[in-house]
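Remarks on the structure that follows.
Residue numbers (the UniProt record's numbering): 1 to 655.
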């Protein structure tokens with residue numbers, strides 16, 4: 001067993017506010033369960049400020065709410081607004097999340113709290129999955145989904161309130177959404193002012209949308225006509241204590257702070273620099289297990305490979321311990337893990353065991369795991385990086401920010417006093433950036449620019465970003481879109497290609513591939529390929545069964561490449577379901593899951609790909625040989641620059 005990592009307690013601990021956490025672990029019947037939910041809601045810190053929050057929303061069209069994780073802001077504020085009448089006249093409260101998993105899990109929780117079926121009063125929408133209905137009034141969704149919704153309804157006329165949650169994460173979609181909401185708010189206010197004069201239809205506190213506006217940048221589609229247009233309320237919610245950047249962006253917007261349910265967390269730093277943070281994490285796990293009181297451990301790592309490596313080493317180390325000291329149960333959570341395995345992190349460890357959760361930054365804010373008393377933070381995260389000169393985007397391991405480090409340590413103080421072990425020196429913490437660099441400054445902007453153009457925003461360089469990306473990055477992305485044929489030389493959306501690409505919720509290269517495929521009778525195969533490429537990894541390779549997993553993958557392998565291998569997987573799943581077409585839906589789902597498990601296929605990713613494929617429209621088939629040739633060429637577009645790919649394609653066409 002490796003030597004124990006040395007830790008020291010810093011001179012000043014991070015201080016957090018105490019809130020009692022009264023949990024009732026009895027298995028309730030329906031009525032006692034409803035009572036327990038009500039008691040849990042009342043015990044949340046935000047419950048005591050409900051009336052004040054409603055007053056603030058009524059007074060201010062823009063409101064920034066800063067609340068620590070665990071305050072209840074994500075689940076409770078939409079319900080407060082619903083009860084206060086913000087959904088009158090069929091309006092909705094929209095709540096955006098940066099991650100799909102958060103949109104889904106929170107919607108399920110709120111539906112449960114409301115005692116309604118998911119998809120009725122409370123629902124969610126993520127890409128290619130819509131669990132809402134005409135009666136939905138509280139709608140959770142990804143920020144990217146709301147951006148696409150704005151293509152069809154530029155006024156976002158169905159919403160009375162938009163809540164942008166987890167705004168501190170500063171994803172590219174969040175930043176663009178903030179700019180769009182600022183614009184929509186101004187446009188809606190102007191429309192109401194202009195259309196409540198004599199001769200226009202009036203409505204209390206608003207106006208009625210009548211016909212298409214003459215302004216081409218504000219196109220109102222038929223489905224928006226007749227809707228009552230009221231002033232749009234925008235609420236920005238952040239777990240970061242620094243709301244200044246949001247307040248300044250919205251012209252000095254009002255900010256309110258909500259105390260969280262947070263117990264004190266003692267933070268420890270290493271005495272010496274750590275050359276291998278994975279080894280240090282393993283050592284610290286066993287140090288906690290040997291010396292500390294019962295309580296689960298949350299370990300932050302950068303990705304699946306690190307998680308599986310650490311899990312394997314833990315199992316090896318356990319074999320060296322006496323039988324009575326081996327009581328550690330390890331579970332993992334990362335985005336590409338099958339959903340049924342993700343749920344294991346929420347289950348309690350076996351009696352007498354300590355649970356060790358190995359997680360990516362998905363566990364920082366998006367997922368709340370009960371029972372955690374100890375956090376191990378190596379101080380690194382995997383982040384997107386973009387070089388506009390080379391046009392290359394990659395994932396690299398970088399130091400966390402101070403804000404991220406504080407979020408991570410806070411995970412240990414949800415249910416009682418906790419401890420956080422940072423695997424770096426205190427002096428290194430002081431050198432960290434205060435907050436994470438916004439994603440919009442470190443990613444390819446092609447998809448963002450295409451959507452902004454589709455929304456009628458002509459001056460991309462002049463768009464009111466909360467923090468502007470570099471001019472070089474914007475210019476490079478515009479050049480790529482011109483090469484793909486989405487833009488004209490005058491930087492306008494081309495007709496019809498550019499408009500078609502903008503309507504597809506895909507990376508521009510995939511959108512162009514589908515458009516070309518439809519011209520060469522290979523759309524059926526391309527639809528499958530793009531659907532499979534649009535989800536998390538299809539193949540799952542656990543380290544303990546690596547050889548079995550690779551053998552299973554060979555059964556689907558195509559000598560022409562991975563893209564056709566994915567098509568083979570999809571078609572094999574089709575054949576399986578067709579053979580079992582006479583059994584019920586639930587039985588078919590179980591059969592598919594079993595097949596996925598046997599073949600080391602991520603069942604969640606495959607089901608998601610099948611959902612995506614169902615959203616696409618198939619076209620007539622042509623000659624098989626030609627179709628396969630064009631599929632192979634078109635998918636190669638994802639690995640070449642746009643110009644190289646198109647040159648390859650048209651050269652082959654001439655042959």
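Just so you know, even glycine gets a beta-carbon here, dropped at the ideal spot from N, CA and C.
For residue 416, no beta strand (DSSP E) run applies, since DSSP gives it neither H nor E.
Just measuring C-alpha positions, the residue of 95, 147, 434 and 538 sitting nearest residue 123 is 95.
Here the C-alpha atom of residue 435 lies approximately 21 Å from the C-alpha atom of residue 359. The stretch 323–330 makes contact with the stretch 306–315: 3 or more CB pairs, one atom from each, lie closer than 8 Å. According to the DSSP assignment, residue 468 belongs to no alpha helix (DSSP H), since it is labelled neither H nor E. The beta carbon of residue 452 lies closer than 8 Å to those of 176, 460 and 463 in the same chain, with the five residues before and after it left out.
One thing to note: residue 78 has its Cβ no nearer than 8 Å to the Cβ of residue 49. Apart from sequence neighbours up to five positions away, the residues of its chain that approach residue 344 with a beta-carbon distance below 7 Å are 331, ordered along the chain. In this structure residue 480 is buried. Its beta-carbon is surrounded by 16 or more other beta-carbon atoms within 10 angstroms.
Residue 469 has its alpha-carbon roughly 35 Å from the corresponding atom of residue 412. Remark: three or more beta-carbon pairs, one from each stretch, lie closer than 8 Å, so the stretch 139–147 and the stretch 157–177 are flagged as touching. Straight across, the Cα-Cα distance linking residue 38 with residue 93 is about 22 Å. Of all C-beta pairs linking the stretch 54–67 to the stretch 228–245, three or more are shorter than 8 Å, placing the two stretches in contact.
Residue burial annotation: residue 152 is exposed, with fewer than 16 other C-beta atoms found within 10 angstroms of its C-beta.
A residue is called buried once 16 or more other Cβ atoms fall within 10 Å of its Cβ, and residue 274 is buried on that count.
Per DSSP, residue 384 lies in no alpha helix (DSSP H) segment; the continuous beta strand (DSSP E) that holds it begins and ends at 380–387. Unbroken beta strand (DSSP E) runs of no fewer than 3 residues, entirely contained in the stretch 55–140, are found at 62–67, 92–97, 122–126 and 129–131, following chain order. In this structure, 465 is the residue among 421, 540 and 465 with its C-alpha nearest to the C-alpha of residue 250. When the alpha-carbon of residue 54 is set against those of 84, 31, 65 and 76, the nearest one is in 84. Apart from the 5 residues on each side of it in sequence, residue 355 sits with its Cβ closer than 6 Å to the Cβ of 296, 329 and 349 in its chain, given in chain order. With at least 16 other beta carbons inside 10 angstroms of its own, residue 377 counts as buried. By the beta-carbon neighbour count (other beta carbons within 10 angstroms, threshold 16), residue 433 is exposed.
For residue 551, the secondary structure class from DSSP, reduced to helix, strand or coil, is helix.
Taking 8 Å as the cut-off, the Cβ atoms of residue 613 and residue 528 count as close. Straight-line spacing of the CA atoms in residue 120 and residue 560 works out to 46 Å.
Pairing residue 544 with residue 99, the inter-Cα distance amounts to about 29 Å. Looking from the CA of residue 107, the closest CA among 129, 127 and 75 belongs to 75. With contacts defined by Cβ atoms closer than 8 Å, residue 335 and residue 362 form a contacting pair. Contact annotation, residue 80 with residue 160: C-beta distance approximately 13 Å; criterion of less than 8 Å not satisfied. At the C-beta level, residue 68 and residue 239 come within 8 Å of one another. Residue environment for residue 165: buried (at least 16 other C-beta atoms within 10 angstroms of its C-beta). Between the stretch 554–572 and the stretch 496–514, the count of C-beta pairs closer than 8 Å stays below three; the two stretches do not touch.
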